[in-house]
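Same order as they appear, the protein sequences are chains A and B.
Take the first sequence: its position 160, counting from 1, is numbered 160 in my numbering, and each next residue is one higher.
Every number in my numbering is 1000 more than the matching position in the second sequence, counting from 1.
To keep things clear, I will list the structure first and then write my remarks on it.
There are 2 protein chains.
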Amino acid sequence: MLDEKLLSIHQATVLQQWTLKQAIAGIERAGLGAISVWRDKLAEIGVGEAARALAGSGLAVTGLSFAGLITSRDKAAAAKARDEARRAFDDAAAIMAPSVVFVAGGVDPGDKDVKAARARALEGLAELVPHARALKIKIALEPLHPMICAHRSVLSTVKLANQWCDALKAEDVVGIAVDTYAVWWDPDLEESISRAGKRICAFHVSDWLVDTQDLRLDRGMMGDGVIDIPGIRRMVEKAGYAGYREVEIFSARNWWKREGDEVLSVVKERYQTAV
Amino acid sequence: MLDEKLLSIHQATVLQQWTLKQAIAGIERAGLGAISVWRDKLAEIGVGEAARALAGSGLAVTGLSFAGLITSRDKAAAAKARDEARRAFDDAAAIMAPSVVFVAGGVDPGDKDVKAARARALEGLAELVPHARALKIKIALEPLHPMICAHRSVLSTVKLANQWCDALKAEDVVGIAVDTYAVWWDPDLEESISRAGKRICAFHVSDWLVDTQDLRLDRGMMGDGVIDIPGIRRMVEKAGYAGYREVEIFSARNWWKREGDEVLSVVKERYQTAV
């Protein structure tokens, strides 16, 4: 049996069904104790009210998604994006989230240069470190699937996240989020996770459906796809991670269409059988 | 100016418009000299007639797509798949294609074990080598995009293709096909292509559209996406490749809906401006 106290519900899993307050109530109704927050949902009611609602609940806040998208080659646009990332860090601090998921940003169509986009993301990250450090918020570098490299994140592997951590020399502030959906295919995964070690500060789970129909919004419930999720969980645990397992399922065609209570009921069951 | 003699039209680019005979005529009408053959198109008229049509044309045959899908954990199914791959090699020999693209196959939902699927693909490949050697057909290992790892190919990177080549010790028979669409996102691409060196026996080009809508059939015309195709061409050339540039664009929503002649006219133009 996995410890249910370490099960956190990422709001993405019930993104279409529930506001933040409804999600808090729904997660408590399910007898669970942790939530990972989607930043757009904060904006709906204002971060102050959101912070009060979360603090007044019995739930632990395990993370905030997301900050980033800082790869533009336009200097003014990139500076603005970094400022927005700092505001996301502020939000994380306000809701007492220990970390913010960092989503790098895509390739700038103006130069079509993925290498340059990666360099800009790394440089921009270095500029964000002091603000995160001041707030005691961890920046969780999240490698995302190569299929969203063009428009969403040029950080495509755990290996590259390790290289960025090496370059940043800010281990107190910068960690790595491992998402099963994004990394399961990687031939170097075991080695890269082992090397990441204590850098791993978040672990997200969902499954890859064989008949996947969308590049972002067709994730599967754990057990419904082909990812060896327990295998990857064991890898991160062997590397030293002992934190929450966040269930993050973007699912426009299935889970977002169901009642939130039903979704959480299935999540609880699959947490024991397929995580 | 790139040498137009090295431009080969992969039948996938005009898959919905033209039969093999129509493609031969269309490519000749466009003033081009090379075709890469889609195996299902051979089956439509029989390999004998197809071979005669190709031999009777002025076109060079640069490759055959594809053989593979040998990752089943069911021994009988895997043996049957290997036999089918050998028949594909026979077809390649019949049409005087120098190589057959090898598409590994996906993850078996029965064990959800990508590592085991890779091991089975490699073992199966070893069994296919003698038949290819006898026919003097090259097996072109084609790393495919990680987004089709689950159902199509567990060979996800050029690095892994190099490792398979190392293990097979059959450099005379096994090479690597580099497809810009499949590998452009890879942080280790330059190093892996350099290591591949003379193993590279095919080079496929198409572009990644920022608003990609399908995991297999939404490739873009060179120049319409964010891949630095000339940059990758220079990498393979630096590694020693001097062969054909095959244009392979699966495009259900755009190019397959246009007249074949129009498609080839755009391909010819983009070959000079975006390859």
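Heads up, the beta-carbon is just placed ideally off N, CA and C, and yes, glycines get one too.
Per DSSP, cross-strand counterpart(s) of E1246/B: As a first step, residue 1246/B must be located in the second sequence, where it is residue number 246. S1008/B and H1204/B, per the DSSP bridge assignment.
Beta-carbon proximity check, L1042/B vs R1245/B, cutoff 8 Å: Counted from its first residue, the second sequence places residue 1042/B at position 42. Counted from its first residue, the second sequence places residue 1245/B at position 245. Not in contact: L1042/B and R1245/B (Cβ atoms no closer than 8 Å).
On the three-pair Cβ rule with 8 Å, is the region 122–136 of chain A touching the region 74–89 of chain A? yes
Show which residues of chain C have a CB atom less than 7 Å away from the CB atom of C1149/B. The structure shown has no chain C; the protein chains it does contain are A and B.
Which one of W1185/B, Q1213/B and L1144/B has the shortest CA to CA distance from A150/A? For the purposes of this step, residue 150/A is identified with residue 150 of the first sequence, where counting begins at 1. Selected option, being the one with the closest Cα: W1185/B.
Among W38/A, A121/A and G31/A, whose alpha-carbon lies nearest the alpha-carbon of I249/A? To locate residue 249/A, count along the first sequence from 1; it is residue 249. It is W38/A.
For G38/A, report the span of its alpha helix (DSSP H) as first-last. Start at 1 with the first residue of the first sequence, and residue 38/A comes out as number 38. According to the sequence provided, residue 38/A is Trp. The question's Gly does not apply to it. Here W38/A belongs to no alpha helix (DSSP H); instead the beta strand (DSSP E) covers A34 to W38.
Quick one: which residues of the region 1195–1226 of chain B get their C-beta closer than 7 Å to a C-beta of chain A? List them in chain order. W1208, V1210, T1212, L1215 and V1226
With 8 Å as the C-beta to C-beta threshold (strictly closer), list the residues of the region 131–149 of chain A near chain B in chain order. H145, P146, M147 and C149
Would you call the CB atoms of A1161/B and I1139/B closer than 8 Å? Working through the second sequence from its first residue, we reach residue 1161/B at position 161. Working through the second sequence from its first residue, we reach residue 1139/B at position 139. No, the pair does not count as a contact, with Cβ atoms beyond the cut-off.
Which residue's Cα is closest to the Cα of S57/A: G26/A, S72/A, A76/A and E44/A? For this step, residue 57/A is matched to residue 57 along the first sequence. Ranking G26/A, S72/A, A76/A and E44/A by Cα distance to S57/A puts G26/A first.
Sequence-distant residues of the same chain with beta carbon closer than 7 Å to M221/A, five excluded per side: Translated into the one-based positions of the first sequence, residue 221/A becomes position 221. The residues are D207, I249, W255, V266 and R270.
How many angstroms separate the CA atom of L15/A from the CA atom of R258/A? Taking the first residue of the first sequence as position 1, residue 15/A is located at position 15. Taking the first residue of the first sequence as position 1, residue 258/A is located at position 258. Going by the C-alpha atoms only, they are around 11 Å apart.
Ends of the alpha helix (DSSP H) at D1179/B? As a working mapping, residue 1179/B is identified with position 179 in the second sequence. Per DSSP, D1179/B belongs to no alpha helix (DSSP H); it is in the beta strand (DSSP E), V1174 to D1179.
Coarse secondary structure for K311/A, derived from DSSP in three states: This structure cannot speak to residue 311/A, because chain A is shown only from 1 to 275.
Let me know the secondary structure DSSP gives G260/A once reduced to three states. On the first sequence, position 260 is the one that residue 260/A refers to. Helix at G260/A.
Would K238/A pass as an interface residue toward chain B - the criterion being a Cβ-Cβ separation below 8 Å? Taking the first residue of the first sequence as position 1, residue 238/A is located at position 238. It does not: the Cβ of K238/A has no partner Cβ on chain B nearer than 8 Å.
Would you mind stating whether V1210/B and I1229/B have Cβ atoms separated by less than 8 Å? Mapped onto the second sequence, residue 1210/B falls at position 210. Mapped onto the second sequence, residue 1229/B falls at position 229. No.
Determine contact between the region 46–55 of chain A and the region 231–240 of chain A, defined as no fewer than three beta-carbon pairs at a distance below 8 Å. no
Looking at the unbroken alpha helix (DSSP H) that takes in S194/A, where does it start and where does it end? Position 194 of the first sequence, counted from the start, is the residue given in the question as residue 194/A. S194/A -> alpha helix (DSSP H) spans L189 to A196.
For L1020/B, the three-state DSSP class (helix, strand or coil): The residue labelled residue 1020/B in the question sits at position 20 within the second sequence. L1020/B: helix per DSSP, three-state reduction.
Neighbour list for L160/A in chain B, Cβ cutoff strictly below 8 Å: In the first sequence, counting from the first residue as 1, residue 160/A sits at position 160. P1187, listed in chain order.
Between which two residues does the alpha helix (DSSP H) harbouring V1158/B extend? Taking the second sequence and counting its residues from 1, the one referred to as residue 1158/B is at position 158. Counting along the chain, the alpha helix (DSSP H) containing V1158/B begins and ends at V1158 to L1168.
For a test of the three-state rule: what should DSSP assign to G46/A, helix, strand or coil? Along the first sequence, one-based indexing puts residue 46/A at 46. Three-state DSSP puts G46/A in coil, outside helix and strand.
So what's G1240/B in DSSP terms, helix, strand or just coil? Taking the second sequence and counting its residues from 1, the one referred to as residue 1240/B is at position 240. Three-state result, G1240/B: coil.
Spatial distance of P1109/B from L1069/B (CA atoms): Here residue 1109/B is taken as the residue at index 109 of the second sequence, counted from 1. Here residue 1069/B is taken as the residue at index 69 of the second sequence, counted from 1. In a straight line, the C-alpha of P1109/B is about 14 Å away from that of L1069/B.
K198/A versus K169/A, G240/A and A76/A, residue with shortest Cα-Cα distance: Looking up residue 198/A in the first sequence gives position 198. The candidate whose alpha carbon is nearest that of K198/A is G240/A.
Could you check if A76/A is buried or exposed, using at least 16 other CB atoms within 10 Å of its CB as the buried criterion? Counting from 1 along the first sequence, the entry for residue 76/A is found at position 76. With fewer than 16 other Cβ atoms within 10 Å, it is exposed.
Can you give me the Cβ contacts of L1264/B inside the same chain, cut-off strictly under 6 Å, excluding the 5 residues immediately before and after it? Counting from 1 along the second sequence, the entry for residue 1264/B is found at position 264. These residues qualify, in order along the chain: A1030.
Measuring alpha carbon to alpha carbon, tell me which of A1023/B, L1020/B, E1028/B and T1013/B ends up nearest E1004/B. For this step, residue 1004/B is matched to residue 4 along the second sequence. Measuring from the Cα of E1004/B, the nearest candidate turns out to be E1028/B.
Using a beta-carbon distance cut-off of less than 7 Å, what residues from the region 91–116 of chain A approach chain B? V107, P109, K112, D113 and V114
Test: S1192/B CB closer than 8 Å to a CB of chain A: Position 192 of the second sequence, counted from the start, is the residue given in the question as residue 1192/B. So, not an interface residue.
Simplified DSSP assignment, three categories, for G26/A: Taking the first sequence and counting its residues from 1, one reaches residue 26/A at position 26. In the structure shown, G26/A sits in a helix (DSSP, three-state: H, G or I).
Nearest to I1200/B (by Cα), restricted to the options A1242/B, G1046/B and G1033/B: Here residue 1200/B refers to the residue found at position 200 when the second sequence is read from its first residue. Taking only the C-alpha atoms, the option nearest I1200/B is A1242/B.
Between the alpha carbons of G223/A and S8/A, how many angstroms are there, rounded? Mapped onto the first sequence, residue 223/A falls at position 223. Mapped onto the first sequence, residue 8/A falls at position 8. G223/A and S8/A: Cα-Cα distance of roughly 17 Å.
Beta carbon of L122/A nearer than 8 Å to that of A92/A: Along the first sequence, one-based indexing puts residue 122/A at 122. Along the first sequence, one-based indexing puts residue 92/A at 92. No, the pair does not count as a contact, with Cβ atoms beyond the cut-off.
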